[in-house]
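Chains as they are written, first to last, in our numbering: chain E, 1 to 217; chain X, 1001 to 1217; chain F, 2001 to 2217; chain R, 3001 to 3217. These notes concern the structure reproduced below.
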DNA sequence: AATGAATGAGGATTCATTCAT
DNA sequence: CATGAATGAATCCTCATTCAT
């Protein structure tokens, strides 16, 4: 029994942190940071109250770890995609935003983005991390693409930062919406196909960004 | 001592509620709902712990009152403006969004919008109120204008809801940004002129929405 | 106006204390001491929160005044009755106990007796007053009658104090009952005629106290 | 310091609830419900403020548990005794009442009975429980005995409920007395032997209840 | 490694009492 | 004389964190 136990524990030791973070992600997203109790997280992870403290120093550290673990690779993905690419910026922009929607926006991770917005003020250090490693890097990708389009003449020259705002905002707001009002009974404005709507909004911005000679069809 | 006492012992029934709500607005916006203690609100309003309870039943009711008091008239303003208007929708859309920026976006009220996003899940009743009385009414104004533009041929026909998303999102995200990351030391990506940037993003969307015959000059 | 006012106030000044004590009696009896708020008393008396403090120093003083005002004369009544009497003790005992029932037991004053029991520990000074002026004087009357019965041979000789206990307890318990369990929904063991039952119990004790030669068979 | 700490940090899940209830019983009886702070209970039980909440949901639940735990078995005892018995009702009545005195009346449990009287109005649910499980069951035992005595001709026929009142009231009032006025300095009418006095009172009632042919001594 | 009993600081709320009007 | 706005001490309860087992 003790050997089996030991073996099991050995194995658990490797996976516990991830299990705890998964549980924490779900609960933070569902109920917010304050309303999530350590005990909830522990139970959701199949352990008891003390266990999270074996792996994380505090509730705050769990939040930090969740953010760190879950979002960084998504950003890295996009950086790789954008580096290996040479073609029309508009096409890649569309591609990347829709990929972000598929990988993050429609998943629980979107809730993490909303959580960061909600809690940024309370966790400055974490906010800085998120700002530098998620926001700035994502915007840098977008900005580079926008700028290259402007430079190549494919896009109308103008304020690149503003263009990035216009491109990203609909996606971000959709993510935030899904984890705020959309969760409230009575506010479920059923957006049948959010992705399609997102695409339409994006298309509008890209159209505004592009030179058009004719608009006839 | 007696002067201080005397100063402390003012009976100002008429103005207390407003003072308390102002104090509450500032603190809720600055620190979030949970992190704001009733005692903080009281002190900021120049009264003591018990006084807020003379006017509001609970901390939650204070939040509700803040939201109710502060945002409704802004929405009503916009409805009036949009009703009395007959001209190019694009012009009014620009006008209204920039007005919202001036009246709300760059003021502490923007923090209230961010707060609603952050706390919607925790205060469903309040969220419904905000959804119905602020969000839906605002979107309705925008949708009407977009639709009339599409009907008149001034705008390219398409998904009106998506167009509303595209138009409003940059404004909303700017407001949210200002009350989340922008408050964190190290994240103050100095946006010298947010209004100008907002205008540029808006211009982009309106351009995408408009028929253009030539883009050259 | 000011003269009328003054006149009215003059008159009020005389009756206010009594009005406040009446209101307090009702509420103390109904809800208990702790659960009765000064504000309740004031409103029930048709005045506002500050007014009771013009006449009484504190909530506790109101309770004391209520007890003092309301019960003393009842006791004095009985003392008079018992002094002016010469006849069979058993008859007077019956008379006095039934009178106490009519004057106190079935009125709200019974609630005051129960209140004293409930709060004696919390208000020792008041308890002492009640003990000396109500309990001891009442028992003294009863004891004198019992003793005279024993001395005259009308009653079986024995422990006079115990006889007093036996005589008074059913009355006291009935009073207490009416202001404790009888007020609770679900416990209203409907005692159709409490006075009749009281009489029967009393009869039993008096029978036990009396010499009986035959009980017929 | 470390020894004190260690002593403070004992894990005794099994015994804590009982310790807390014991402490609570003592304090409730001594000071009343309102005047007893959770912190007092905790300290008296040798734990800290939070610990009672590990075992009981609220102060009210502690009171309920105290009543439930402590009195039910006493009632059950009496039911057993009365069932297994066949003899003169008067004898058993005397026995049971004196047993109740020994088991409850002269112990702190009597304080609980007084507390129930004092707080019945404030805790209707608990009052119903006590009414059904303690009062009614006790009275049922007494009533059965009285009735059987009346049926067998041992007792004078009459109002059985009134007889129960007469039999129980002296005991109840003695219990109540001991936990109200008797606790107040200055009211300690020293009843040298309360049991003896109780017995005398009881004897009186039983005498009144019995057929007597001769009263000679 | 895991448990979960115990801790204790912290915060919302109540209400007797005061005092400027 | 009366008001009722304001006070602030008091108390219940929560929950992140600790540590003996």
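Where a beta carbon is used, it is the ideal one built from N, C-alpha and C, also for glycine. All values reported here derive from a predicted model rather than from experimental measurement.
(message) Using 8 Å as the threshold, is the C-beta distance between residue 148 (chain E) and residue 89 (chain E) below it?
(response) yes
(message) Here's the rule I'm using: 16 or more other beta-carbon atoms within 10 Å means buried, otherwise exposed. How should residue 1177 (chain X) be labelled?
(response) buried
(request) Give the range of the alpha helix (DSSP H) segment to which residue 3108 (chain R) is assigned. (result) Looking at the DSSP string, residue 3108 (chain R) is not in any alpha helix (DSSP H), and its letter there is neither H nor E.
(request) Could you tell me the boundaries of the alpha helix (DSSP H) in which residue 3028 (chain R) lies? (result) 3016-3031
(request) Can you say whether residue 217 (chain E) is buried or exposed, counting buried as having 16 or more other CB atoms within 10 angstroms of its CB? (result) The predicted position of residue 217 (chain E) is uncertain, since its pLDDT is 38 and thus under 50; a value taken from the coordinates is nonetheless stated next. With fewer than 16 other Cβ atoms within 10 Å, it is exposed.
(request) Would you kindly check if the distance between the Cβ of residue 2208 (chain F) and the Cβ of residue 3205 (chain R) is under 8 Å? (result) yes
(request) Select from F:2030, F:2070, F:2099 the residue whose C-alpha is nearest the C-alpha of residue 2017 (chain F). (result) F:2070
(message) Can you list, in chain order, the residues of its chain with a C-beta nearer than 8 Å to that of residue 2171 (chain F)? Leave out the 5 residues immediately preceding and following it.
(response) 2097, 2100, 2101, 2105, 2198, 2202
(message) I'd like the list of long-range same chain contacts for residue 48 (chain E), defined as Cβ closer than 6 Å, with 5 residues on each side in sequence excluded.
(response) 42
(request) Please decide whether residue 1017 (chain X) counts as near chain E, where near means a Cβ-Cβ distance under 8 Å. (result) no
(message) Assess contact between the segment 2114-2122 of chain F and the segment 2185-2193 of chain F, defined as three or more Cβ pairs (one per stretch) separated by less than 8 Å. Is contact present?
(response) no
(request) State the beta-bridge partners of residue 210 (chain E) as determined by DSSP. (result) E:155
(request) Flag this pair as yes or no: are the beta carbons of residue 3162 (chain R) and residue 3143 (chain R) separated by less than 8 Å? (result) no
(message) Contact criterion: CB-CB distance below 8 Å. Does residue 186 (chain E) meet it with respect to chain X?
(response) yes
(message) Against chain R, does residue 2148 (chain F) count as a neighbour if the rule is that its beta carbon must be under 8 Å from one of theirs?
(response) no
(message) Considering just the uninterrupted stretch of the alpha helix (DSSP H) at residue 47 (chain E), what are its terminal residues?
(response) Residue 47 (chain E) -> no alpha helix (DSSP H), and no H or E assigned at all.
(request) Say whether chain F places a C-beta atom closer than 8 Å to the C-beta of residue 3013 (chain R). (result) no
(message) Contact defined as beta carbons within less than 8 Å: I believe residue 3141 (chain R) pairs with residue 3210 (chain R). What is the distance between those atoms, to the nearest angstrom?
(response) Going by Cβ atoms, the distance from residue 3141 (chain R) to residue 3210 (chain R) rounds to 19 Å, so no, they are not a contact pair.
(message) Residues of chain F with CB closer than 9 Å to the CB of residue 3131 (chain R), please, in chain order.
(response) 2181, 2184, 2186, 2187, 2189
(request) Could you tell me which of F:2169, F:2125, F:2139 sits nearest to residue 1989 (chain F), measuring between CA atoms? (result) Beyond the ends of chain F as shown, which are 2001 and 2217, falls residue 1989 (chain F); an answer cannot be given.
(request) Might you give, ordered along the chain, the residues of its own chain that have their beta carbon closer than 7 Å to the beta carbon of residue 55 (chain E), omitting 5 neighbours on each side? (result) 16, 17, 20
(request) Could you spell out the range, first to last residue, of the alpha helix (DSSP H) harbouring residue 3069 (chain R)? (result) 3059-3083
(message) Suppose the cutoff is 7 Å on Cβ atoms and the five residues either side in sequence are ignored; what does the same chain contact list for residue 2060 (chain F) look like?
(response) 2123
(message) Restricting to Cα atoms, I'd like to know which of X:1091, X:1109, X:1053, X:1095 is closest to residue 1174 (chain X).
(response) X:1109
(message) By alpha-carbon positions, which one of R:3072, R:3113, R:3188 ends up nearest to residue 3137 (chain R)?
(response) R:3072
(message) Here's a check: name, in chain order, each residue in its chain whose Cβ is nearer than 7 Å to the Cβ of residue 37 (chain E), leaving out the five neighbours to either side.
(response) none
(request) Please classify residue 1004 (chain X): is it buried, with 16 or more other beta-carbons within 10 angstroms of its beta-carbon, or exposed? (result) Reliability fails at residue 1004 (chain X), whose pLDDT of 44 lies under 50, so the model's placement of it is uncertain and the value that follows must be treated cautiously. Answer is exposed; the Cβ neighbour count stays below 16.
(request) Step through the CB atoms of chain X and report whether any lies within less than 8 Å of the CB of residue 281 (chain E). (result) The first residue shown for chain E is 1 and the last is 217, placing residue 281 (chain E) beyond what the model contains.
(message) Distance check for residue 180 (chain E) and residue 1135 (chain X), CA to CA, integer angstroms please.
(response) 13 Å
(request) Output yes if chain E places a C-beta closer than 8 Å to the C-beta of residue 1173 (chain X); else output no. (result) yes
(request) Check the Cβ-Cβ distances between residue 1176 (chain X) and every residue of chain E, and say whether any is below 8 Å. (result) yes
(message) DSSP three-state label for residue 2205 (chain F), please.
(response) helix
(message) Less than 8 Å between CB atoms is the rule here; does residue 1102 (chain X) satisfy it with respect to chain E?
(response) no
(message) So, at 7 Å on beta carbons, what are the nonlocal neighbours of residue 130 (chain E) in its own chain, with the 5 sequence-adjacent residues on each side left out?
(response) 67, 116
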